[in-house]
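What follows is a set of notes on a single structure, which appears directly below.
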Amino acid sequence: MLLALPAAAQEPPETPEAPEPPAAVEPPEAPEPPEPPEAPPAPEKASLEELLQEEVTSASVGSFGYRLRRYGITPYVHGVITADLWQWERRHGNVPHHNTFELRDANLYFGADILDLIVPEVFLEFEPTFSSFEFNTGLRLRYAQLDLRLHKELLVLRAGLFLIPFGTYNTTTLPAFISKLPERPTLFREVIPSPWQELGVQLTGTWEWAPGRAFTYALFATNGMEQFDLNNPLNPNDDGPDEGGSIAFFTPSYVDIRNTSKSFGARLSAQLAEGLTLGASGYTGAYTRDGGRRLNIFGFDANFIRGPLSLELEAAFAHQEITGGALEKWGYSAIGAYRFHTQAEAVLAVDEAEVGELPPPFDGQSFSVSGRSYWGGLLYFPFPNQIPTALTKAIYRVTVPDGAQPAQHVFILQLAVGF
1 MLLALPAAAQ EPPETPEAPE PPAAVEPPEA PEPPEPPEAP PAPEKASLEE
51 LLQEEVTSAS VGSFGYRLRR YGITPYVHGV ITADLWQWER RHGNVPHHNT
101 FELRDANLYF GADILDLIVP EVFLEFEPTF SSFEFNTGLR LRYAQLDLRL
151 HKELLVLRAG LFLIPFGTYN TTTLPAFISK LPERPTLFRE VIPSPWQELG
201 VQLTGTWEWA PGRAFTYALF ATNGMEQFDL NNPLNPNDDG PDEGGSIAFF
251 TPSYVDIRNT SKSFGARLSA QLAEGLTLGA SGYTGAYTRD GGRRLNIFGF
301 DANFIRGPLS LELEAAFAHQ EITGGALEKW GYSAIGAYRF HTQAEAVLAV
351 DEAEVGELPP PFDGQSFSVS GRSYWGGLLY FPFPNQIPTA LTKAIYRVTV
401 PDGAQPAQHV FILQLAVGF
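Take the sequence shown: its letters are residues 1 to 419, numbered as in the UniProt record's numbering.
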């Protein structure tokens, strides 16, 4: 037994079993971040009264326009610039020929489409010519109108200063990037004033009863327009209101003070076939300062577009009352164009106007002489796909006045861009 002890002592001691490592403890879940506070709801579309009553500190950014932007009203700005790259007119006798550059006009359109319900728009024109009413700047407010869709496009109420819906030139083809000619025919000066704007209310709309078939109407009442009245201190007989003057120089009556009679008019047009539109227009109203003389204008227009061919015809007759009678003025304009290439279009046109002269002792005189004009030339579209509203016009015009006056020859190279 004692002998066995050393042997037992030599045996290695039993190794105790290692304890199992403790199970891994999962880290505690991180607390979820608190939800951000809900943003305050966007302000509802406020009425104009609520908007004006909103407090604005003197240190805030912007003013009324900035506040309107906050209420979801996004405006648009467009414009048209027209410049004569070269204008030449043949003179007679020893007078040198006329050569000049000219900025025809620069137009800006400001507006917005508010929730497809209200469309306000303002048209400003800078026209640096001697005929500008504002002689110092040549800046004119052509229209400032509000359109309210009462029932989609079927019934629209228009209020403010707007272009009179008479014919197609005054309301459709007036912008230089649409018009085929570089300047207005005489018809649109002495018989149909253009641009022709008056202040009042209008109901208009379009009804499309089939694809490519539509009926358009416009009814309006305005303050009318007046002939400028200027008594001649050197003429003792000039003591009454001026009458029988050039329609081109009539100005809209912004507020009826002396003559409170209203002017009325209407236009009806129908697209009867593919590309064919026929229209008729009428207007009546007093034009003298005292309201004693009336001006009545009636017009007809036809437009046809089929492929590269386009035809425009417009005619009008004006009955202008004067003491003891009336002046009868009439005219027409016919324009044909053919787009023979994506970048080029040939244009031919003829227009004629009979405006007459007011015999003594009346003061009025027609701005243009009676006669017929012939036009011919080319339109060039440098970027027909990228910028279809940019074009160059190269047009030659020959005007043959009535009587023994010599013919007038004018060549215009013009660049027009709508943007």
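Even glycine gets a Cβ: it sits at the ideal position worked out from N, Cα and C.
For this session: Let me know the secondary structure DSSP gives Ile114 once reduced to three states.
Result: strand
For this session: Return helix, strand or coil for Phe340, following the three-state DSSP convention.
Result: strand
For this session: Check the DSSP bridge columns for Asn296 and list the partner residues they point to.
Result: Thr284, His319
Problem set entry | Buried/exposed call for Thr100, threshold 16 Cβ in 10 Å | exposed
Problem set entry | Straight-line Cα distance separating His98 from Leu379 | 23 Å
Exercise. In this structure, does DSSP put Leu181 in helix, strand or coil?
Worked result: coil
For this session: Given a cut-off of 8 Å, decide if Glu153 and Arg140 are closer than it, judged by their beta-carbon atoms.
Result: no
Exercise. So, is Glu345 buried or exposed, given that buried needs 16 or more other C-beta atoms within 10 angstroms?
Worked result: buried
Exercise. Who are Thr392's beta bridge partners in DSSP?
Worked result: Tyr380, Leu415
Exercise. Taking contact to mean at least 3 C-beta pairs separated by less than 8 Å, is the region 178-190 in contact with the region 348-358?
Worked result: yes
For this session: List the residues that DSSP assigns as beta-bridge partners of Ile247.
Result: According to DSSP, Ile247 bridges with nothing at all.
Problem set entry | Pair within 8 Å by beta-carbon distance, Val417 and Ala390 | yes
Exercise. How long is the line joining the alpha carbons of Asp116 and Arg69, rounded to whole angstroms?
Worked result: 16 Å
For this session: Could you name the residues that DSSP lists as bridge partners for residue 420?
Result: Given a span of 1 to 419 for the chain in the structure shown, any question on residue 420 remains unanswerable.
For this session: Out of Pro388, Leu313, Leu85, point me to the one whose CA is closest to residue 446's CA.
Result: Residue 446 lies beyond the stretch modelled for the chain, which goes from 1 to 419, so this question has no answer here.
Problem set entry | Three or more C-beta pairs below 8 Å linking the region 240-251 and the region 278-291 | yes
Exercise. In chain order, which continuous runs of the beta strand (DSSP E) of length 3 or greater are located wholly inside the region 149-223?
Worked result: Within the region 149-223, the runs of beta strand (DSSP E) at least 3 residues long that lie entirely inside it are, in chain order, 155-163, 197-210, 213-222.
Problem set entry | Backbone CA spacing between Val156 and Arg258 [nearest angstrom] | 31 Å
Problem set entry | Secondary structure of Tyr71, DSSP reduced to three states | Tyr71 falls in the coil class under three-state DSSP.
Exercise. What is the DSSP secondary structure of Gly65, reduced to helix, strand or coil?
Worked result: helix
For this session: Go through its chain and collect everything with a Cβ distance to Ala318's Cβ below 6 Å, but skip five positions before and after it.
Result: Val191, Ile297, Lys329
For this session: Measure the beta-carbon distance from Gly167 to Ala316 and round it to whole angstroms, keeping in mind my assumption that it falls under 8 Å.
Result: 7 Å
Problem set entry | Euclidean distance between Cα positions of Phe177 and Val80 | The straight-line gap from Cα to Cα measures roughly 7 Å.
Problem set entry | Identified DSSP bridge partners for Thr399 | Ser373, Gln408
Exercise. Rounded C-beta distance between Pro165 and Thr204? I'm assuming under 8 Å.
Worked result: 7 Å
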